[in-house]
Amino acid sequence: MTLTSLPGHPHFAYRGDELCAERLPLGDLAREHGTPLFVYSKAAMLSALAAYQRGFAGRKAKICYAMKANSSLGILQVFAQAGCGFDIVSGGELERVLAAGGVAGDIIFSGVGKTRAEMRRALEAGIGCFNVESEAELEVLSAVAVAAGKVAPVSIRVNPDVDPKTHPYISTGLKGNKFGVAHGRTLAAYQRAAALPGLKVVGIDCHIGSQITDEAPYLDAMDRIIDLVEAIEAAGIPLHHIDFGGGLGISYNGDKPPAADALWHKLFARLDTRGFGDRQFMIEPGRSLIGNAGVCVTEVLYLKPGEGKNFCIVDAAMNDLPRPAMYQAYHAIVPVKPRPGAPQTCDVVGPVCESGDWIGRDRALAVEPGDFMAVMSAGAYCMSMASNYNTRGRAAEVLVEGDRAWLIRERESAADQMRSERLAS
Ligand code: LLP
138 MTLTSLPGHP
148 HFAYRGDELC
158 AERLPLGDLA
168 REHGTPLFVY
178 SKAAMLSALA
188 AYQRGFAGRK
198 AKICYAMKAN
208 SSLGILQVFA
218 QAGCGFDIVS
228 GGELERVLAA
238 GGVAGDIIFS
248 GVGKTRAEMR
258 RALEAGIGCF
268 NVESEAELEV
278 LSAVAVAAGK
288 VAPVSIRVNP
298 DVDPKTHPYI
308 STGLKGNKFG
318 VAHGRTLAAY
328 QRAAALPGLK
338 VVGIDCHIGS
348 QITDEAPYLD
358 AMDRIIDLVE
368 AIEAAGIPLH
378 HIDFGGGLGI
388 SYNGDKPPAA
398 DALWHKLFAR
408 LDTRGFGDRQ
418 FMIEPGRSLI
428 GNAGVCVTEV
438 LYLKPGEGKN
448 FCIVDAAMND
458 LPRPAMYQAY
468 HAIVPVKPRP
478 GAPQTCDVVG
488 PVCESGDWIG
498 RDRALAVEPG
508 DFMAVMSAGA
518 YCMSMASNYN
528 TRGRAAEVLV
538 EGDRAWLIRE
548 RESAADQMRS
558 ERLAS
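Structure, rendered in structure tokens:
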């Protein structure tokens, strides 16, 4: 049988004439579980993780999966079993990690708006570190910890003011962003943290943005963080770890981000020069661990020739795949079983009642109603951002390992969606 991998997706290949996840035909999975259906390859997840592990070989580093990228329990379980820690941003994410078998001490808690209740719960669970994002948050966290008879381990998220050259909605390390403590305020914030009774300073962190495809912003941010570490330690406040955030991009449409191992070899070369190569490091990658490990299989419902535009209407929509509508993002769309015939140029759209509900524009496709297509690179920021808009149930999810498949999320029913609602009288 001929095997044709899709470029950038080594674990999704045509075996004969059908696209497979590892060894399982996507059409069989779609017929068994219905569509839209998210399908993840465990081998793709572990190979993305392995690239970071190679980059960190011989170094002290902890990989904390940024679970906002995909927080399904079955996905978290794979990363927990592989020894990852987790970067969380809410109390809900904390409960998910614990339910999936994550170790509390390997959790870091980021986010600009942690509530007192979330802080209390995280302290009680014994998380590894709070990544504090403002001076006001330092005061509240200390008070909450003192009241609970605990000491909160903290790192301050620094806004290094570097341009990651990515989409404005997902760049986070510029002066005008809401994230982190301004570079110029960092030392004062550390001095305050060190003086507060409920806090123990353990680290420093930054995160400059997402879908970064260039190594230069990482090297700049690294230099600026090391300058700060030197200043903070000179002021008598030791820092146990440096957390460098996430943000590494993936290939959606021929993008060429640096490989994780190559990037980290470069960053460590810089750190070695500056005498920091043997520090404890942490990172918070999300998209680069799961983005290209998942696809969304959808069925073609109707072909609708239009004036000046043809539409291919499918059963997945912006509530399942919100990235095109939100960021004008590109996802490759390929037929599961290519058929002969001349491709037609069309917009691939979903059934939701909004013109913004498109999944791909001006795609050349030879498909017929009833065909399955795979929306590629759908592992990150798709299911975790899915909604029930138009009272559409969220899709089912399947995890594939070799020739085995696990249904890790059942399709959501209308009854599931209405369960927590009540009539007024
Ligand atoms: N750490 C922090 C503090 C973050 O805010 C984020 C992402 C990450 C780590 C993980 O970044 P990654 O490695 O996944 O780039 N919904 C958008 C992306 C939003 C990213 C938000 N923060 C999208 O679909 O492109």
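Per the working numbering, the sequence shown runs over residues 138 to 562. Ideal placement from N, C-alpha and C gives every residue a C-beta, glycine not left out.
*Apart from the five residues on each side of it in sequence, which residues of its chain come closer than 7 angstroms, Cβ to Cβ, to Ile-387?*
Pro-394, Arg-424, Ser-425, Gly-428, Asn-429, Ser-514
*Report back the beta-carbon spacing between Val-504 and Val-437 to the nearest angstrom; my notes put them in contact at under 8 angstroms.*
Sure, about 5 angstroms apart at Cβ, within 8 angstroms.
*Please name the residue, chosen from Ala-396, Thr-323, Glu-444, that lies closest to Ala-368 on a Cα-to-Cα basis.*
Considering only Ala-396, Thr-323, Glu-444, the residue with the shortest C-alpha distance to Ala-368 is Thr-323.
_Three CB pairs or more closer than 8 angstroms across the stretch 521–537 and the stretch 170–182_ = A contact exists between the stretch 521–537 and the stretch 170–182.
*asked:* Any contact between the stretch 334–344 and the stretch 283–296? By contact I mean 3 or more CB pairs, one from each, below 8 angstroms.
replied: yes
*asked:* Following a CB-centred definition, is Arg-233 positioned closer than 6 angstroms to any heavy atom of the ligand LLP?
replied: no
*Near Gly-487, what residues of its chain come up, given a Cβ to Cβ distance below 7 angstroms and the 5 sequence neighbours on each side ignored?*
Val-451, Ala-453, Ala-454, Met-455, Asp-494, Ile-496
*asked:* Given this structure, state the Cα-to-Cα distance separating Leu-210 from Ala-517, to the nearest angstrom.
replied: 14 angstroms
_What does the alpha-carbon distance come out to for the pair Tyr-355 and Ala-241?_
28 angstroms
*By how many angstroms is the C-alpha of Leu-156 removed from the C-alpha of Thr-139?*
Roughly 11 angstroms between the two C-alpha positions.
_Which residue wins for smallest C-alpha separation from Gly-321, given the options Gly-164, Glu-272, Ala-396, Cys-490?_
Glu-272
*asked:* Give me the residue from Pro-375, Asp-360, Gly-382, Leu-385 with the minimum Cα distance to Asp-409.
replied: Asp-360
*Leaving out five residues before and five after Glu-230 in sequence, what residues of the same chain have Cβ atoms less than 8 angstroms from its Cβ?*
Hits under 8 angstroms: Met-204, Lys-205, Ser-208, Phe-223.
*Tyr-177 beta carbon near the ligand LLP (any heavy atom closer than 6 angstroms)*: no
_Gly-211 CB to nearest heavy atom of the ligand LLP below 6 angstroms_ = no
*Leaving out five residues on either side along the sequence, give the residues of the same chain with a beta carbon under 7 angstroms from the beta carbon of Val-215.*
Lys-179, Met-182
*Assuming Ala-198 and Ile-420 make a contact with CB atoms under 8 angstroms, what is their CB distance in whole Å?*
7 angstroms
*Can you give, in chain order, each stretch of the beta strand (DSSP E) that sits fully within the stretch 251–329 and has at least 3 residues?*
266–269, 289–296
*Which value, in whole angstroms, describes the spacing of the CA atoms of Ser-279 and Phe-316?*
20 angstroms
*Taking the Cβ atom as the reference point for each residue, do Gly-145 and Val-473 lie within a distance shorter than 7 angstroms?*
no
*asked:* Looking only at its chain, what residues have a beta carbon closer than 8 angstroms to the beta carbon of Gly-263, apart from the 5 residues adjacent to it on each side?
replied: Hits under 8 angstroms: Ala-241, Gly-242.
*asked:* Less than 7 angstroms between the C-beta atoms of Val-249 and Glu-270, yes or no?
replied: Here Val-249 is near Glu-270, since their CB atoms are less than 7 angstroms apart.
*Going by C-alpha distance, which of Val-277, Ala-194, Val-234 is nearest Ala-254?*
Val-277
*Using a Cβ-Cβ cut-off of 6 angstroms (strictly less than) and excluding sequence neighbours within five positions of Ala-462, which residues of its own chain qualify?*
Met-455, Gly-493
_Which listed residue (Asp-484, Pro-477, Pro-375) has its alpha carbon closest to that of Gln-328_ = Pro-375
*In terms of alpha-carbon separation, which member of Asp-380, His-468, Asp-357 lies closest to Lys-403?*
Considering only alpha carbons, the answer is Asp-357.
_Pairwise C-alpha distance: Leu-143 and Arg-160_ = 14 angstroms
*Near Pro-162, what residues of its chain come up, given a Cβ to Cβ distance below 7 angstroms and the 5 sequence neighbours on each side ignored?*
Closer than 7 angstroms at the Cβ level, and outside the excluded window around Pro-162, lie Glu-155.
*Within the present structure, is the beta-carbon of His-378 separated from the nearest heavy atom of the ligand LLP by less than 6 angstroms?*
no
*Among Phe-418, His-378, Pro-422, which one has its Cα closest to the Cα of Ile-349?*
Pro-422
*State yes or no: is the C-beta of Tyr-202 nearer than 6 angstroms to some heavy atom of the ligand LLP?*
no
_Assuming Gly-391 and Ser-347 are in contact, meaning their beta carbons sit under 8 angstroms apart, how far apart are those beta carbons, in whole angstroms?_
Rounded, the Cβ-Cβ distance is 18 angstroms, inconsistent with contact.
_Host beta strand (DSSP E) of Thr-139 (start-end)_ = Premise fails: Thr-139 is in no beta strand (DSSP E) and is neither H nor E.
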